[in-house]
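Peer 1: Under my numbering, the letters of the sequence shown match residues 3 to 407, in that order.
Think of the CB as a built atom: it goes at the ideal place given N, C-alpha and C, for glycine as much as any other residue.
Computed from a predicted structure; not experimentally measured.
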Amino acid sequence: MHSTETFKFTGSDGTQLDGRLERPRYGTPRAVAIFAHCFTCGKDSRAATFITRALAARGVMVLRFDFAGLGGSEGDLAGFATHVDDLKAAADALTENGHPPSLLIGHSLGGAAVIAAAGQIDSITAVATLGAPADTDHVLNNLGDKREVVEREGEAVVKIAGRDFEVKKRFIEETAGQLQEEHIANMHKPILIMHSPTDELVSIDNASKIFNAAKHPKSFFSLDGADHLLMDDKDARYAANVIAAWSEKFMPSLEEMDDNPTLDGTVRVETAGGKFAQLFATPSHEFILDEPKSIGGNDDGPTPYDMLLGAIGGCTAMTVQMYADRKKWSLEKVTVELEHNRDHGQDCLSDAAGGDDKIEVIDKAIRFEGDLDDEQRARLLEIADKCPVHRTITGDLHIHSTLVS
Numbered sequence: 003m004h005s006t007e008t009f010k011f012t013g014s015d016g017t018q019l020d021g022r023l024e025r026p027r028y029g030t031p032r033a034v035a036i037f038a039h040c041f042t043c044g045k046d047s048r049a050a051t052f053i054t055r056a057l058a059a060r061g062v063m064v065l066r067f068d069f070a071g072l073g074g075s076e077g078d079l080a081g082f083a084t085h086v087d088d089l090k091a092a093a094d095a096l097t098e099n100g101h102p103p104s105l106l107i108g109h110s111l112g113g114a115a116v117i118a119a120a121g122q123i124d125s126i127t128a129v130a131t132l133g134a135p136a137d138t139d140h141v142l143n144n145l146g147d148k149r150e151v152v153e154r155e156g157e158a159v160v161k162i163a164g165r166d167f168e169v170k171k172r173f174i175e176e177t178a179g180q181l182q183e184e185h186i187a188n189m190h191k192p193i194l195i196m197h198s199p200t201d202e203l204v205s206i207d208n209a210s211k212i213f214n215a216a217k218h219p220k221s222f223f224s225l226d227g228a229d230h231l232l233m234d235d236k237d238a239r240y241a242a243n244v245i246a247a248w249s250e251k252f253m254p255s256l257e258e259m260d261d262n263p264t265l266d267g268t269v270r271v272e273t274a275g276g277k278f279a280q281l282f283a284t285p286s287h288e289f290i291l292d293e294p295k296s297i298g299g300n301d302d303g304p305t306p307y308d309m310l311l312g313a314i315g316g317c318t319a320m321t322v323q324m325y326a327d328r329k330k331w332s333l334e335k336v337t338v339e340l341e342h343n344r345d346h347g348q349d350c351l352s353d354a355a356g357g358d359d360k361i362e363v364i365d366k367a368i369r370f371e372g373d374l375d376d377e378q379r380a381r382l383l384e385i386a387d388k389c390p391v392h393r394t395i396t397g398d399l400h401i402h403s404t405l406v407s
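1) Look at the alpha carbon of Arg344 and the alpha carbon of Pro219, and state the distance between them as a whole number of angstroms.
2) Helix, strand or coil, according to DSSP, for Asp94 in the structure here?
3) Looking only at its chain, what residues have a beta carbon closer than 8 Å to the beta carbon of Ile123, apart from the 5 residues adjacent to it on each side?
4) Which partner residues of Lys10 appear in the DSSP bridge assignment?
5) Leaving aside the five residues before and after Ala115 along the sequence, list all residues of the same chain whose C-beta is less than 7 Å from its C-beta, in chain order.
6) Output the residue ranges of the beta strand (DSSP E) runs that lie fully inside the segment 182-249 and measure 3 residues or longer, sorted by chain position.
7) Mapping the DSSP letters down to three states, classify Ile314 as helix, strand or coil.
8) Looking at the unbroken alpha helix (DSSP H) that takes in Lys366, where does it start and where does it end?
9) Between the Cα of Ala35 and the Cα atoms of Val62, Val391 and Ile53, which residue gives the shortest distance?
10) Which term fits Asp68, buried or exposed, when burial requires 16 or more other beta carbons within 10 angstroms of its beta carbon?
11) Excluding the five sequence neighbours on either side, which residues of its own chain have a C-beta within less than 7 Å of the C-beta of Ile58, listed in chain order?
12) Does Gly347 come out as helix, strand or coil in the three-state DSSP assignment?
13) Along the chain, where does the beta strand (DSSP E) that runs through Leu105 open and close?
14) Is it right to say Glu184 is buried, meaning 16 or more other beta carbons lie within 10 angstroms of its own, or is it exposed?
15) By Cβ distance below 8 Å, which residues in the same chain neighbour Phe213 in space, the five residues on each side in sequence not counted?
16) Taking the C-alpha atoms as reference points, what is the distance between Leu72 and Arg149?
17) Should Val141 go down as buried or exposed, given a rule of 16 or more other Cβ atoms within 10 Å for buried?
18) Quick one: what's got a C-beta closer than 8 Å to Asp302's C-beta in the same chain, skipping five residues either side?
19) Taking the alpha helix (DSSP H) that Phe52 belongs to, which residues open and close that run?
20) Of all the options Met309, Leu333 and Tyr240, which has the alpha carbon lying nearest to the alpha carbon of Leu340?
21) Quick one, which of Glu176, Asn188, Glu175 and Asn144 has its alpha-carbon nearest Phe167's?
22) Among the residues of its own chain, which have a CB less than 8 Å from the CB of Leu374, if the five just before and after it don't count?
23) Less than 8 Å between C-beta atoms, sequence neighbours within five positions excluded: which residues of the same chain meet that for Ala313?
24) Classify Ile395 as buried or exposed, calling it buried when 16 or more other Cβ atoms lie within 10 Å of its own Cβ.
25) Return the CA-CA distance between Arg32 and Gly267, expressed in angstroms with no decimal places.
26) Roughly how many angstroms lie between the CA atoms of Asp20 and Glu7, to the nearest whole one?
27) At the level of alpha carbons, what is the spacing between Tyr240 and Gly133?
28) Terminal residues of the continuous beta strand (DSSP E) containing Gln280?
29) Measuring CA to CA, which of Leu225, Glu157 and Glu176 is closest to Asp139?
30) Do you know offhand how far Tyr325's Cα is from Asp237's?
31) Less than 7 Å separating the beta-carbons of Glu272 and Leu265?
32) In the DSSP assignment, the alpha helix (DSSP H) including Thr396 goes from what residue to what residue?
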């Protein structure tokens, strides 16, 4: 569950950089991150898009943007030093908008850039890299024989990954000879290093060098079988899930973020956004209630009637299981399927022929699995209608609504 919005800001050299802000659709973000894309890939690459949206669905707001000279951003193809400065500019822009970033994520050369930038952005508390080179000279190998032409003539058109790019001498000057080992050693931030052992463009040896140079706390996760660009959705999804889980320890807990905590024994429901969505909260759980798309919702959670049926079904199964356990009967599994209907009742029609009165009907289909005889099954069916929730809604229930300020 995420939403995407355009986020433009001024880069380090005054050019306009084009970004996309992936937000959790509901609630306050638990963290804010910046994603730096791979060399020549752009913010709309498969990996950048999939990973940032997956993180947004996990409660992390993420900015992905095009470095200068790529995608929707102005300027010439930028070198490594400009990438680092533009990451700092992105952090400043987010901070000015009330969203100081705490997490930097970089893919390939973007990974090298976030390592170099991390120590220069005060709000950053953790760094994650995917397929990052241990030194920036690695990317200059993509220029091949054209490097000499650029250095001699000042610029040249170079074909990289099947596309033509106008590369200027400044790009080489900004990228060559960066002191990455010093950047890694002086970063003083927790780092997650993710790399594929079969990476065909940046070998796994680069991950070893980064890991050895980094100070603790540091972690390594293998992207087994993934290609360098993470073109397979399952690889991008795995990477996003690992980053989200790893960075959890560096985020404030839901309890710390909640300035109006739900009290024990109560449930809080409040507007979450969209046409119908509501945030459902207990002292230890949160999720979204919504309506299906067919009536204008986003289908981002169960409907209120789904919740009602779920409460009855869950309580039914728990009560039956507890009874069977106490009797030491071999009940292995309980399945309850529920359906809610509004039917014209014959009793209503007999009193007011042609009236609109209806009887609310909930049908429960219950299946017991295990070594049970007919008498035991019949008794369990009786117990099924004695669960506390069932008795509450069929008893003398009164609901009182009070206006509070």
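Peer 2: Result, derived from the coordinates:
1) Reading the sequence shown from its first residue, position 342 is the one you call residue 344. Reading the sequence shown from its first residue, position 217 is the one you call residue 219. Answer to the nearest angstrom: the Cα atoms are 59 Å apart.
2) Here residue 94 refers to the residue found at position 92 when the sequence shown is read from its first residue. Helix at Asp94.
3) The residue labelled residue 123 in the question sits at position 121 within the sequence shown. Answer for Ile123: Leu89, Lys90, Ala93, Pro103 and Leu106, listed in chain order.
4) Counted from its first residue, the sequence shown places residue 10 at position 8. Lys10 pairs with Asp20.
5) Within the sequence shown, numbered from 1, the residue matching residue 115 stands at position 113. Excluding residues within five positions, the ones whose Cβ falls inside 7 Å are Ala38, Phe82, His85, Val86, Leu89 and Gly108.
6) Complete beta strand (DSSP E) runs here, min 3: 193-197 and 220-224.
7) Along the sequence shown, one-based indexing puts residue 314 at 312. Collapsing the DSSP output to three states places Ile314 in a helix.
8) Residue mapping note: residue 366 aligns to position 364 of the sequence shown, counting from 1. Not the alpha helix (DSSP H): Lys366 falls in the beta strand (DSSP E), residues Ile361 to Gly372.
9) Mapped onto the sequence shown, residue 35 falls at position 33. Check the Cα spacing between Ala35 and each of Val62, Val391 and Ile53: the tightest is with Val62.
10) Residue 68 sits at position 66 when you count from the first residue of the sequence shown. The residue in question, Asp68, is buried, as its Cβ has 16 or more Cβ neighbours within 10 Å.
11) For this step, residue 58 is matched to residue 56 along the sequence shown. What sits at residue 58 in the sequence shown is Ala, not Ile. So the list reads His4, Glu24, Arg25, Pro26 and Val64, once near-sequence residues are dropped.
12) Position 345 of the sequence shown, counted from the first residue, corresponds to residue 347. Note that Gly347 scores a pLDDT of 49, beneath 50, so its modelled location is shaky; the value from the coordinates is reported in the next line. Three-state result, Gly347: coil.
13) On the sequence shown, residue 105 is found 103 positions in, with the first residue counted as 1. DSSP places Leu105 in the uninterrupted beta strand (DSSP E) bounded by Leu105 to His109.
14) Here the question's residue 184 lines up with position 182 in the sequence shown. Glu184 should be labelled exposed.
15) Start at 1 with the first residue of the sequence shown, and residue 213 comes out as number 211. Same-chain partners within the cutoff: Ile195, Lys220 and Phe222.
16) Here residue 72 corresponds to residue number 70 of the sequence shown, with the count starting at 1. Here residue 149 corresponds to residue number 147 of the sequence shown, with the count starting at 1. If I take the Cα positions, the gap works out to 20 Å.
17) Sequence index remark: in the sequence shown, residue 141 carries index 139 (1-based). Val141 should be labelled buried.
18) As a first step, residue 302 must be located in the sequence shown, where it is residue number 300. Its chain contains Met3, Arg27, Tyr28, Gly276, Ala279, Ile290 and Asp292 as the residues whose beta carbon lies nearer than 8 Å to that of Asp302, once the 5 sequence neighbours on both sides are disregarded; these appear in chain order.
19) As a first step, residue 52 is located in the sequence shown; it is residue number 50 there, counting from the start. Going by DSSP, Phe52 is part of the alpha helix (DSSP H) stretching over Arg48 to Ala59.
20) The count along the sequence shown starts at 1 and reaches residue 340 at position 338. Nearest option by C-alpha distance: Met309.
21) Mapped onto the sequence shown, residue 167 falls at position 165. Cα-wise, what sits closest to Phe167 is Asn144.
22) For this step, residue 374 is matched to residue 372 along the sequence shown. Around Leu374: Trp331, Ser332, Leu333 and Leu382.
23) Taking the first residue of the sequence shown as 1, we reach residue 313 at position 311. Cβ within range, chain order: Val391.
24) Along the sequence shown, one-based indexing puts residue 395 at 393. If you draw a 10 Å sphere on the C-beta of Ile395, you find fewer than 16 other C-beta atoms in it, and that means exposed.
25) Against the sequence shown, residue 32 aligns to sequence position 30. Against the sequence shown, residue 267 aligns to sequence position 265. Arg32 and Gly267: Cα-Cα distance of roughly 25 Å.
26) On the sequence shown, position 18 is the one that residue 20 refers to. On the sequence shown, position 5 is the one that residue 7 refers to. So the alpha carbons of these two residues sit roughly 11 Å apart.
27) Translated into positions along the sequence shown, residue 240 becomes position 238. Translated into positions along the sequence shown, residue 133 becomes position 131. Rounded to whole angstroms, Tyr240 and Gly133 show a C-alpha spacing of 14 Å.
28) If you number the sequence shown from 1, residue 280 lands on position 278. Boundaries of the beta strand (DSSP E) around Gln280: Gln280 to Ala283.
29) Locating residue 139 in the sequence shown gives position 137, where the first residue counts as 1. Comparing Cα-Cα distances from Asp139 to each of Leu225, Glu157 and Glu176, the minimum goes to Glu176.
30) Here residue 325 is taken as the residue at index 323 of the sequence shown, counted from 1. Here residue 237 is taken as the residue at index 235 of the sequence shown, counted from 1. Roughly 45 Å separates the two Cα atoms.
31) Indexing the sequence shown from 1 puts residue 272 at position 270. Indexing the sequence shown from 1 puts residue 265 at position 263. Contact: no.
32) Taking the sequence shown and counting its residues from 1, one reaches residue 396 at position 394. If you look at Thr396, you'll find it in the alpha helix (DSSP H) that goes Pro390 to Thr396.
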